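Student: Okay, here's the structure, questions in a sec.
Numbering (the working numbering), first residue to last: 37 to 287.
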C-alpha cells in the first residue's frame with residue numbers, strides 16, 4: 037500500500053475510476069481492512085486515511101485535538117475533485133469535520149458522506165470521559181465496544197504498549213471536541229449502524245440536520261463492528277457504490 041503522502045494508502049490504483057472513496061478508520065484502527073474493500077468496489081479507487089500514531093505511522097505522536105488533526109490533514113492532502121468520505125465510529129467525526137474544513141477553505145467537497153456507528157455530533161457526550169483512566173479502567177471502559185481485542189490486550193503487555201496510547205489519544209479527540217452549529221453540507225449523506233450496537237436510532241437520525249442533500253439511515257445486522265461480517269458488509273458496500281456510480285472522472 038503506497039502513496040506520496042504518509043496520510044494516505046491505496047491497495048489498488050484505478051486511474052480510470054470516476055471517483056475516489058477515502059476511508060477514515062475507527063479508534064485505534066488502521067487502514068488495512070478498509071483498503072481491502074477495493075476488491076469489492078471495482079469501479080471506485082479506495083484510499084485509507086492513515087492518522088499519526090496508528091498502523092504504519094505508529095511511532096508518530098497521535099493528535100489529541102480534532103481541530104488540529106483536521107487542519108493538518110487538509111493541508112497535507114489533495115483529495116481531488118470527485119470523491120466521497122466514509123468514516124466508522126471516530127472516523128465518522130473526522131470525516132465530517134474534514135468536509136466542513138474543506139468548505140471553509142473553498143475547496144472541493146465530497147459528493148457523499150457515509151457515516152457509520154457514530155452518534156450525531158450535536159448530541160451530549162455519551163458516558164463518562166475515559167481517556168484519563170488508568171490501564172485497567174481504560175480496558176474495562178473499552179470492553180463493551182472492542183470485546184475480543186480487550187481480552188487480547190489483557191493477555192499481552194507488548195500489544196497493550198502498542199495499542200493503548202493510540203486508543204487513549206482517540207478518546208481525547210472526542211472528549212476535547214466541542215461541536216459548533218453551522219450550515220449543513222450540500223452532499224448526499226448516508227448514516228449506518230448495527231442493530232445490536234448500543235447506539236439507538238434516535239442518536240443516528242439527527243445527522244440529517246447536517247446535510248441539505250439526500251439523507252438515508254440504515255440499520256444493519258450486527259454490533260458496533262457490523263461491517264466486518266460478510267452480509268452486512270456487502271449491504272454497506274452496495275449503499276456506498278450506488279450514489280457514486282454516476283460521478284464524473286477524477287483527474
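Using N, Cα and C, we set each Cβ at its ideal position, and we do this for glycine too. Just so we're clear, the structure is a prediction, and the values are computed from it rather than from any experiment.
Would you check if the distance between the CB atom of residue 241 and the CB atom of residue 253 is smaller than 8 Å?
Tutor: Start at 1 with the first residue of the chain shown, and residue 241 comes out as number 205. Start at 1 with the first residue of the chain shown, and residue 253 comes out as number 217. The answer is yes: Cβ separation under 8 Å.
Student: Go to residue 173, then tell me how far its alpha helix (DSSP H) extends in each direction, as first and last residue.
Tutor: For this step, residue 173 is matched to residue 137 along the chain shown. Note, residue 173: alpha helix (DSSP H), 171 to 182.
Student: What residue ranges within the region 89 to 132 form continuous beta strand (DSSP E) runs of no fewer than 3 residues, ordered along the chain?
Tutor: Entirely contained in the region 89 to 132, the beta strand (DSSP E) runs reaching 3 residues are, in chain order, 119 to 124.
Student: Please determine, among 155, 267, 195, 106, the residue with the shortest C-alpha to C-alpha distance to residue 124.
Tutor: The residue you call residue 124 lines up with position 88 of the chain shown. Selected option, being the one with the closest Cα: 155.
Student: So, under 8 Å CB-CB, residue 77 and residue 273 are touching, yes? Tell me the CB distance rounded to an integer number of Å.
Tutor: As a working mapping, residue 77 is identified with position 41 in the chain shown. As a working mapping, residue 273 is identified with position 237 in the chain shown. About 6 Å separates the two Cβ atoms, so the contact holds.
Student: Measure the C-alpha to C-alpha separation of residue 113 and residue 85 and round it to an integer number of angstroms.
Tutor: Numbered from its first residue, the chain shown carries residue 113 at position 77. Numbered from its first residue, the chain shown carries residue 85 at position 49. Cα-Cα distance, rounded: 10 Å.
Student: Using a Cβ-Cβ cutoff of less than 8 Å, which residues in the same chain neighbour residue 232 once the five nearest sequence positions on both sides are dropped?
Tutor: Here residue 232 refers to the residue found at position 196 of the chain shown. 257, 258, 259, 262.
Student: Just grab the DSSP bridge partners of residue 45 for me.
Tutor: Locating residue 45 in the chain shown gives position 9, counting from the first residue. Answer is 84.
Student: Quick check on residue 56: does DSSP put it in helix, strand or coil?
Tutor: Here the question's residue 56 lines up with position 20 in the chain shown. Strand at residue 56.
Student: Could you please give the first and the last residue of the uninterrupted alpha helix (DSSP H) stretch that includes residue 71?
Tutor: The count along the chain shown starts at 1 and reaches residue 71 at position 35. Counting along the chain, the alpha helix (DSSP H) containing residue 71 begins and ends at 68 to 71.
Student: Rounded to the nearest angstrom, what separates residue 223 and residue 40 at their Cα positions?
Tutor: What you label residue 223 is simply residue 187 of the chain shown in a count that begins at 1. What you label residue 40 is simply residue 4 of the chain shown in a count that begins at 1. Their Cα atoms are separated by approximately 28 Å.
Student: So which of 203, 53, 117, 245 has the shortest CA-CA distance to residue 94?
Tutor: As a position in the chain shown, residue 94 is number 58, starting the count at 1. It is 203.
Student: Determine the direct distance from the alpha carbon of residue 144 to that of residue 161, and round the result to whole angstroms.
Tutor: Counting from 1 along the chain shown, the entry for residue 161 is found at position 125. Counting from 1 along the chain shown, the entry for residue 144 is found at position 108. Looking at the two C-alpha atoms, the distance is approximately 30 Å.
Student: In this structure, how does DSSP classify residue 274 when only helix, strand and coil are distinguished?
Tutor: Position 238 of the chain shown holds residue 274. Here residue 274 sits in helix by DSSP.
Student: Out of 230, 249, 281, state which residue places its alpha-carbon closest to the alpha-carbon of residue 267.
Tutor: Within the chain shown, residue 267 is the residue found at index 231, counting from 1. If we check each option's Cα against that of residue 267, 230 comes out closest.
Student: Taking the alpha carbon of residue 43 as the point to measure from, which residue in 61, 109, 226 has its own alpha carbon closest?
Tutor: The residue labelled residue 43 in the question sits at position 7 within the chain shown. The shortest C-alpha separation from residue 43 is found at 109.
Student: I need the boundaries of the alpha helix (DSSP H) containing residue 202, first residue and last residue.
Tutor: Numbered from 1 along the chain shown, position 166 holds the residue referred to as residue 202. Where residue 202 is concerned, the enclosing alpha helix (DSSP H) stretches over 193 to 211.
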